[in-house]
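Under this note's numbering, residues 44 to 274 are what the sequence shown spells out, in order. Yeah, the Cβ is synthetic: ideal placement off N, Cα and C, and Gly gets one too. Structure first, commentary second.
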Amino acid sequence: MIREAFYDLGVHAYPEGGSTLSLMALKAKEYGYAGLCTVNHSDFFLDVKKVPVPEGVEVVQGVEVVARDANDLRRQVDRFRKKVRVLAVHGGDAAINRAACEEERVDILMHPQDGKTGGLNHVLARLAADKGVAIGFELLPIIYNKGGSRVRTLSGYRANLALAKKYGAPFVVVSGAMSIYDMRDVRTALSLCRLLGMGEKDAIRGLSFYPSEILRRSSPGYIMEGVQVIG
44 MIREAFYDLG
54 VHAYPEGGST
64 LSLMALKAKE
74 YGYAGLCTVN
84 HSDFFLDVKK
94 VPVPEGVEVV
104 QGVEVVARDA
114 NDLRRQVDRF
124 RKKVRVLAVH
134 GGDAAINRAA
144 CEEERVDILM
154 HPQDGKTGGL
164 NHVLARLAAD
174 KGVAIGFELL
184 PIIYNKGGSR
194 VRTLSGYRAN
204 LALAKKYGAP
214 FVVVSGAMSI
224 YDMRDVRTAL
234 SLCRLLGMGE
244 KDAIRGLSFY
254 PSEILRRSSP
264 GYIMEGVQVI
274 G
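If you want it as structure tokens, here you go:
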């Protein structure tokens, strides 16, 4: 029996996506998740405190920063870091990928392979491990892409996973859902992870352990490893 607490740290709710956060939280609860995080892109930032959500599922404030260049990325990290518990970066551009991996205030670098640079390399993977920046893997392209596009996505994911594991960088698996119809239950998500080359332990790390670590570091009272304010 699966006992871990699973989190989807990558949904895009209305007004960016097609479903309200309330509906997505309800679906996440139904699908066996302990919580979910809305990481609307920065132009569609959603304040979760203004949205009614069901009991029994944790709803986490997040954002996926879209930056023009490395300097803009740092400005946006300054802007959003204190507002969110999960700060993701929209990767793909080589300069953005590197700036994100160098920035310890970044939690997740999403789809670094989407640009023309091939995604991660040994240098970036080592930086991500040193700074605690998780490499993100979205399930949405795996579900909907077909043919050569799907093959390229899986190839990029497997290469990124191999580098993350080699250098000890954290990694997270998210749905990337734009509506409730893009969401999948925990067992289906774990099964889809096999396509990325993940065994059961890796899949659980990506859906449970590393997301829990990100949320722990952003919890009230956390100062640094081994230092936390109690009470």
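Span of the alpha helix (DSSP H) holding residue i?
{"i": "residue 119", "result": "113–123"}
{"i": "residue 86", "result": "It is not in any alpha helix (DSSP H) - residue 86 carries neither H nor E in the DSSP assignment."}
{"i": "residue 223", "result": "Residue 223 -> no alpha helix (DSSP H), and no H or E assigned at all."}
{"i": "residue 256", "result": "253–260"}
{"i": "residue 183", "result": "183–187"}
Please state whether DSSP places residue i in a helix, a strand or coil.
{"i": "residue 231", "result": "helix"}
{"i": "residue 168", "result": "helix"}
{"i": "residue 217", "result": "strand"}
{"i": "residue 67", "result": "helix"}
{"i": "residue 136", "result": "coil"}
{"i": "residue 212", "result": "coil"}
{"i": "residue 106", "result": "strand"}
{"i": "residue 142", "result": "helix"}
{"i": "residue 199", "result": "helix"}
{"i": "residue 194", "result": "helix"}
{"i": "residue 205", "result": "helix"}
{"i": "residue 249", "result": "helix"}
{"i": "residue 59", "result": "coil"}
{"i": "residue 243", "result": "helix"}
{"i": "residue 129", "result": "strand"}
{"i": "residue 163", "result": "coil"}
{"i": "residue 147", "result": "coil"}
{"i": "residue 98", "result": "coil"}
Just how far apart, CA to CA, sit residue i and residue j?
{"i": "residue 86", "j": "residue 69", "result": "25 angstroms"}
{"i": "residue 165", "j": "residue 98", "result": "43 angstroms"}
{"i": "residue 120", "j": "residue 132", "result": "9 angstroms"}
{"i": "residue 103", "j": "residue 190", "result": "35 angstroms"}
{"i": "residue 236", "j": "residue 51", "result": "14 angstroms"}
{"i": "residue 141", "j": "residue 186", "result": "28 angstroms"}
{"i": "residue 137", "j": "residue 48", "result": "34 angstroms"}
{"i": "residue 180", "j": "residue 95", "result": "28 angstroms"}
{"i": "residue 205", "j": "residue 101", "result": "31 angstroms"}
{"i": "residue 201", "j": "residue 238", "result": "9 angstroms"}
{"i": "residue 233", "j": "residue 117", "result": "34 angstroms"}
{"i": "residue 255", "j": "residue 63", "result": "24 angstroms"}
{"i": "residue 125", "j": "residue 245", "result": "30 angstroms"}
{"i": "residue 88", "j": "residue 241", "result": "32 angstroms"}
Would you grab the beta carbon distance between residue i and residue j for me? Rounded to a whole angstrom, and I think it's under 8 angstroms.
{"i": "residue 175", "j": "residue 145", "result": "About 12 angstroms separates the two Cβ atoms, so there is no contact after all."}
{"i": "residue 151", "j": "residue 215", "result": "6 angstroms"}
{"i": "residue 228", "j": "residue 57", "result": "Not a contact, Cβ separation roughly 22 angstroms."}
{"i": "residue 275", "j": "residue 71", "result": "Limits of the chain in this structure are 44 at one end and 274 at the other, which puts residue 275 out of reach."}
{"i": "residue 108", "j": "residue 123", "result": "6 angstroms"}
{"i": "residue 203", "j": "residue 196", "result": "Going by Cβ atoms, the distance from residue 203 to residue 196 rounds to 11 angstroms, so no, they are not a contact pair."}
{"i": "residue 253", "j": "residue 177", "result": "6 angstroms"}
{"i": "residue 82", "j": "residue 53", "result": "5 angstroms"}
{"i": "residue 172", "j": "residue 210", "result": "5 angstroms"}
Cα-Cα, which of the options is closest to residue i?
{"i": "residue 212", "options": "163, 220, 184", "result": "163"}
{"i": "residue 207", "options": "234, 197, 167", "result": "167"}
{"i": "residue 153", "options": "130, 76, 240", "result": "130"}
{"i": "residue 78", "options": "65, 115, 84", "result": "65"}
{"i": "residue 80", "options": "200, 219, 245, 230", "result": "219"}
{"i": "residue 260", "options": "127, 134, 94", "result": "127"}
{"i": "residue 262", "options": "200, 105, 67", "result": "105"}
{"i": "residue 114", "options": "93, 143, 210, 192", "result": "143"}
Say yes only if the C-beta of residue i is nearer than 7 angstroms to one or more non-hydrogen atoms of the ligand SAM, and no if none qualify.
{"i": "residue 67", "result": "Ligands displayed in this structure: none; no statement on the ligand SAM is therefore possible."}
In the DSSP assignment, find the unbroken beta strand (DSSP E) run with residue i in it and report its ends.
{"i": "residue 51", "result": "50–54"}
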